[in-house]
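Here the structure comes first, spelled out in structure tokens, and everything after it is commentary.
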Amino acid sequence: MNYIQYEQKDLIGVLTIDRPKALNALNSEVLAELDQALNEIPMDETRCLIITGAGEKAFVAGADIGEMSGLTKAEGRAFGEKGNAVFRKIETFPIPVVAAVNGFALGGGCELSLSCDIRIASENAVFAQPEAGLGITPGFGGTQRLARTIGVGKAKEMLYTCGKVKAAEALALGLVNAVYPADQLMEEALKLAGKIARNAPIAVRACKKAVNEGLQVDIDSAVAIESEQFGGCFETEDQKNAMTAFCEKRKPDPFVNK
Ligand code: CAA
Numbered sequence: 001m002n003y004i005q006y007e008q009k010d011l012i013g014v015l016t017i018d019r020p021k022a023l024n025a026l027n028s029e030v031l032a033e034l035d036q037a038l039n040e041i042p043m044d045e046t047r048c049l050i051i052t053g054a055g056e057k058a059f060v061a062g063a064d065i066g067e068m069s070g071l072t073k074a075e076g077r078a079f080g081e082k083g084n085a086v087f088r089k090i091e092t093f094p095i096p097v098v099a100a101v102n103g104f105a106l107g108g109g110c111e112l113s114l115s116c117d118i119r120i121a122s123e124n125a126v127f128a129q130p131e132a133g134l135g136i137t138p139g140f141g142g143t144q145r146l147a148r149t150i151g152v153g154k155a156k157e158m159l160y161t162c163g164k165v166k167a168a169e170a171l172a173l174g175l176v177n178a179v180y181p182a183d184q185l186m187e188e189a190l191k192l193a194g195k196i197a198r199n200a201p202i203a204v205r206a207c208k209k210a211v212n213e214g215l216q217v218d219i220d221s222a223v224a225i226e227s228e229q230f231g232g233c234f235e236t237e238d239q240k241n242a243m244t245a246f247c248e249k250r251k252p253d254p255f256v257n258k
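Take the sequence shown: its position 159, counted from the start at 1, is 159 in the working numbering, and no numbers get skipped.
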């Protein structure tokens, strides 16, 4: 692949968007490679995925403005659908996805981070949805996930003003869970992913599914989704191992994803 690097670090996958000349901006080729890279992640060996950007300046500086500049209405819609399909794949990816936001996360970059389960950022990270200043709306889920993540009022302020949100403010808004010095970001992302990877994979995946799907429906349907996921964890090797160990006052054996 030209624009995506993938590294397997034990049970953690690290996917890097690598187009530094354009601050990792997402053109059609990057989106297609991202989609392919997600399809190829070895799911049996991977318990958490980290997504980051190459270089020290940008996570992703948005969708590629050069590519978008001459699009027709129909082509614009198709480009949006392409990005939305890939980001929805990330949002519904069976394992947790952590965005390690290492600089500019603008437009499609902010939207990419929002499709991940958890965002952590470097001190030099900057978030914004600058699209209205470019004569368009966000096209890769920003109007939807930003409001769901930081609330309608603040999301609308970001969308209407195109204002930049620095790391400290992003933390205060709940847009990111934590902020670290740039040189510690990847170490912290791996630590977080490691904590996730230590828990029973079937249970972690079920938590993700229950939260994601439950948020789309009324509370009665939502708790029914939880019951389904909860029930599905029983009779698994990992559940028996962990509960037996607790009852016997010892540590469980490492989880086996069965
Ligand atoms: N698309 C295409 N190229 C981009 C890009 C983008 N989104 N962002 C940066 N680049 C390119 C620049 O054109 C420049 O290329 P050249 O060296 O060939 O001129 C290179 O990356 C470096 O960028 P700058 O020289 O501009 O670097 P800077 O440090 O002066 O500024 C920046 C950095 C503030 C991030 C600035 O590049 C910028 O404002 N980028 C655009 C950000 C933006 O508006 N993103 C939203 C895009 S719209 C979108 O994403 C729609 C959607 O929802 C799908």
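All C-beta atoms in this analysis are idealised placements derived from N, C-alpha and C, irrespective of residue type, glycine included.
Euclidean distance between Cα positions of residue i and residue j
i, j, result
"residue 221", "residue 211", "12 Å"
"residue 64", "residue 131", "12 Å"
"residue 161", "residue 134", "12 Å"
"residue 28", "residue 69", "13 Å"
"residue 101", "residue 39", "22 Å"
"residue 97", "residue 90", "7 Å"
"residue 86", "residue 226", "26 Å"
"residue 10", "residue 41", "13 Å"
"residue 234", "residue 204", "13 Å"
"residue 117", "residue 48", "10 Å"
"residue 250", "residue 46", "26 Å"
"residue 56", "residue 169", "20 Å"
"residue 80", "residue 154", "23 Å"
"residue 184", "residue 191", "11 Å"
"residue 18", "residue 187", "19 Å"
"residue 21", "residue 76", "24 Å"
"residue 145", "residue 88", "11 Å"
"residue 147", "residue 107", "14 Å"
"residue 74", "residue 93", "28 Å"
"residue 15", "residue 197", "16 Å"
For residue j and residue i, believed in contact at Cβ under 8 Å, the rounded distance
i, j, result
"residue 165", "residue 128", "6 Å"
"residue 62", "residue 109", "6 Å"
"residue 182", "residue 113", "Not confirmed; about 16 Å, so no contact."
"residue 167", "residue 125", "4 Å"
"residue 99", "residue 51", "5 Å"
"residue 13", "residue 6", "7 Å"
"residue 53", "residue 24", "4 Å"
"residue 137", "residue 174", "Not confirmed; about 23 Å, so no contact."
Residue i, buried or exposed, once every other Cβ within 10 Å from all chains shown has been counted against 16
i, result
"residue 229", "buried"
"residue 111", "buried"
"residue 243", "exposed"
"residue 200", "buried"
"residue 231", "exposed"
"residue 59", "buried"
"residue 119", "buried"
"residue 179", "buried"
"residue 31", "buried"
"residue 215", "exposed"
"residue 246", "exposed"
"residue 172", "exposed"
"residue 218", "exposed"
"residue 103", "buried"
Identified DSSP bridge partners for residue i
i, result
"residue 60", "105"
"residue 5", "16"
"residue 48", "12"
"residue 152", "Its beta-bridge partners do not exist; DSSP assigns none."
"residue 223", "Partner(s): none; residue 223 has no beta bridge."
"residue 140", "BP columns for residue 140 are empty, so no partner."
"residue 26", "63"
"residue 163", "Partner(s): none; residue 163 has no beta bridge."
"residue 53", "17"
"residue 97", "49"
"residue 128", "106"
Extent of the continuous alpha helix (DSSP H) run through residue i
i, result
"residue 171", "167-173"
"residue 93", "Counting along the chain, residue 93 falls outside any alpha helix (DSSP H), and DSSP gives it neither H nor E."
"residue 246", "237-247"
"residue 182", "Run containing residue 182: none; DSSP gives neither H nor E here."
"residue 199", "Neither: residue 199 is in no alpha helix (DSSP H) and is coded neither H nor E."
The beta strand (DSSP E) enclosing residue i, as first and last residue numbers
i, result
"residue 122", "118-122"
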